[in-house]
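A.B. asks: Our numbering puts the first residue of the sequence shown at 64, with every later residue one more than the last.
By construction, the Cβ of each residue, glycine as well, lies at the ideal position given by its N, Cα and C atoms.
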Amino acid sequence: MENKVLKQEKKYPHEALEHIENVRVEFYKKFKLHDRLKKAVFAICFIGMIVGFLLGTKIGDGGPFFTIGIPLILLGIMLVYGVVVKRYMDAKMREFFKIYYRGINEYVLGGKDIKGVSLCEPGKISKEEFIANKIYKDIYDVGSRGKTEFTYKKFPMFVVDCAAQIKGNKRIYPVFVGKYLECPSKVKDEEPTIVYLKGTGTVLPPTNIEGLKVVLDNKVMTIYSNSKNWKAIISPKVIKLLEDIKTNKLLVDLTIGVHNKKAFICMGYDDPIMVPPFMGEFDPKPNIQYKGELEKVLKVVEALN
64 MENKVLKQEK KYPHEALEHI ENVRVEFYKK FKLHDRLKKA VFAICFIGMI VGFLLGTKIG
124 DGGPFFTIGI PLILLGIMLV YGVVVKRYMD AKMREFFKIY YRGINEYVLG GKDIKGVSLC
184 EPGKISKEEF IANKIYKDIY DVGSRGKTEF TYKKFPMFVV DCAAQIKGNK RIYPVFVGKY
244 LECPSKVKDE EPTIVYLKGT GTVLPPTNIE GLKVVLDNKV MTIYSNSKNW KAIISPKVIK
304 LLEDIKTNKL LVDLTIGVHN KKAFICMGYD DPIMVPPFMG EFDPKPNIQY KGELEKVLKV
364 VEALN
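Dropping the structure here:
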C-alpha cells in the first residue's frame, strides 16, 4: 500500500492534478452509465415500435393506434430522453472543464510572483480580441476556453486555450493552436514587431508579415520589424531569454507580437496539452512541462517591459 501511495505521489506532483484525475474517473463512469441507459431505452422503444406495428396490422378496430400511435409515443420518449441526457451530460462536462482548468491553474500559476488568479466565465475571447495581435491575417474563426486572468509581479495578463483558423477554398485551416497570452508592453508603435521562435514538425508561423523587414534570422528565431529601435524593443536580454526556451514535440513553436503598449504571446502546443483528458487517464507530464515553459515566458514578459 505504501509503495502504491508513493508511486501515485510521484506521478501527480500536486494534489490539484491528482484531483483532476479523480474527477475525470467519476465523470467517465457517469458518461458510460448514461450512454448504456440511453442505448437500452432506444432499443426498448425501437422494439416496442416494431411490435406495435405488427400488432396493428393484425387488429381490425384500434389498429391505427398500434401502427401509428404507439410508435409516435415511443419516438417522442426517445427524443425527450435523448435531449434530457444530452443536457445533463453537457452540464457535467462544463463542470468537469471548470475543475480541470482550476486544477491546472492552481498547479501552473502557483508561483510566488503570481497573484489574483481567476478563471473567467464563460472563459472565451472574441475573434476581434485575437485579431488585435496583428500576428495572423485573414482570421475566419476563433475558438477558446479556460481564460484565466492573473498578475505576474506588477503586470496584469491573461492566458487562454485558443485555436484560430482561416477559410480556404473547401475547408478551414488552423493558423494557431495553443496557449495565448496577452500582457502589457512598453512598445507604443502601432505597427507590430514580431518574433518567431522556430520549431520543428507541425509548426504554424506568423502570417501577417507582409511589409515587415526581416531584421534578424538565425537557426533559433526570426524577427520582423520596420522599427529603427527594434534592438531596444527586442533587447539582447530578451533574445537570450528566448534562446533558453526550447521548442519540442509539445511546444511546437512560439510567436510574440508587440505594439500599442501590449505584448501578444502565442505558445503553439500539440494535442497532449490542448485536449483535456476524458476517455483515458490524465497524464500530468505535459502540464509539468508547460509550467516550466510558462515560467520562462513570464521572464520574457518582464524583460520586454
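1) Sorted by chain position, which residues of the same chain lie with C-beta nearer than 6 Å to Met-39's C-beta, five sequence neighbours on each side aside?
2) Helix, strand or coil, according to DSSP, for Lys-325 in the structure here?
3) Mapping DSSP to helix, strand and coil, what is Gly-145?
4) Can you tell me where the beta strand (DSSP E) holding Lys-261 begins and where it ends?
5) I need the straight-line Cα distance from Glu-223 to Arg-157, nearest angstrom please.
6) For Ile-162, which residues of its own chain have a beta-carbon under 8 Å away from its beta-carbon, when the five flanking residues on both sides are left out?
7) Where Ile-202 and Glu-78 are concerned, what is the direct C-alpha to C-alpha distance, given to the nearest angstrom?
8) Measure the alpha-carbon distance for Ile-131 versus Leu-142 and round it to whole angstroms.
9) What would DSSP say about Lys-102, mapped onto helix, strand or coil?
10) Give the DSSP-derived three-state secondary structure of Gly-206 in the structure shown.
11) Is it true that the CB of Lys-324 sits closer than 8 Å to the CB of Pro-247?
12) Helix or strand or just coil, what does DSSP make of Phe-90?
13) Can you look up Glu-273 in the DSSP assignment and give me helix, strand or coil?
14) DSSP beta-bridge partners for Phe-218?
15) Keeping to the same chain, check which residues put their C-beta closer than 7 Å to that of Lys-200; ignore five residues upstream and five downstream.
16) Over the uninterrupted beta strand (DSSP E) stretch that includes Gly-179, give me the two end residues.
17) In terms of DSSP beta bridges, what is Leu-314 paired with?
18) Three-state secondary structure (DSSP) at Ala-227?
19) Rounded to whole angstroms, what is the Cα-Cα separation between Asp-252 and Lys-74?
C.D. replies: Let me spell this out:
1) Here the chain covers residues 64 to 368 and nothing more, so residue 39 does not appear.
2) Here the question's residue 325 lines up with position 262 in the sequence shown. Correct three-state label for Lys-325: strand.
3) The residue you call residue 145 lines up with position 82 of the sequence shown. Correct three-state label for Gly-145: helix.
4) Within the sequence shown, numbered from 1, the residue matching residue 261 stands at position 198. Careful: Lys-261 lies outside any beta strand (DSSP E) and carries neither H nor E.
5) By 1-based counting over the sequence shown, the position of residue 223 is 160. By 1-based counting over the sequence shown, the position of residue 157 is 94. Correcting the residue type first, residue 223 is Val in the shown sequence and not Glu. Going by the C-alpha atoms only, they are around 16 Å apart.
6) Counting from 1 along the sequence shown, the entry for residue 162 is found at position 99. The residues are His-82, Ile-83 and Val-86.
7) Position 139 of the sequence shown, counted from the first residue, corresponds to residue 202. Position 15 of the sequence shown, counted from the first residue, corresponds to residue 78. Cα to Cα, Ile-202 sits roughly 39 Å from Glu-78.
8) Against the sequence shown, residue 131 aligns to sequence position 68. Against the sequence shown, residue 142 aligns to sequence position 79. Going from the Cα of Ile-131 to the Cα of Leu-142 covers about 16 Å.
9) Looking up residue 102 in the sequence shown gives position 39. Note: Lys-102 maps to helix in three-state DSSP.
10) One-based indexing of the sequence shown puts residue 206 at position 143. In this structure, Gly-206 counts as strand in the three-state DSSP scheme.
11) Reading the sequence shown from its first residue, position 184 is the one you call residue 247. Reading the sequence shown from its first residue, position 261 is the one you call residue 324. Taking a C-beta distance under 8 Å as the contact criterion, Pro-247 and Lys-324 qualify as a contact pair.
12) Here the question's residue 90 lines up with position 27 in the sequence shown. Here Phe-90 carries a helix assignment [DSSP, helix/strand/coil].
13) Here the question's residue 273 lines up with position 210 in the sequence shown. Here DSSP, grouped into helix, strand and coil, assigns Glu-273 to coil.
14) As a working mapping, residue 218 is identified with position 155 in the sequence shown. In the DSSP output, where bridge partners are listed per residue, Phe-218 has Tyr-215.
15) Indexing the sequence shown from 1 puts residue 200 at position 137. Around Lys-200: Thr-270 and Asn-271.
16) Residue mapping note: residue 179 aligns to position 116 of the sequence shown, counting from 1. Counting along the chain, the beta strand (DSSP E) containing Gly-179 begins and ends at 177–182.
17) Along the sequence shown, read from residue 1 onward, the residue named residue 314 stands at position 251. Looking at the DSSP assignment, Leu-314 forms a beta bridge with Tyr-332.
18) Residue numbering aside, residue 227 sits at position 164 when the sequence shown is read from its first letter. Looking at Ala-227 - three-state DSSP - the assignment turns out to be strand.
19) Counting from one through the sequence shown, the residue named residue 252 turns up at place 189. Counting from one through the sequence shown, the residue named residue 74 turns up at place 11. Annotation: Asp-252 to Lys-74 spans about 46 Å, alpha carbon to alpha carbon.
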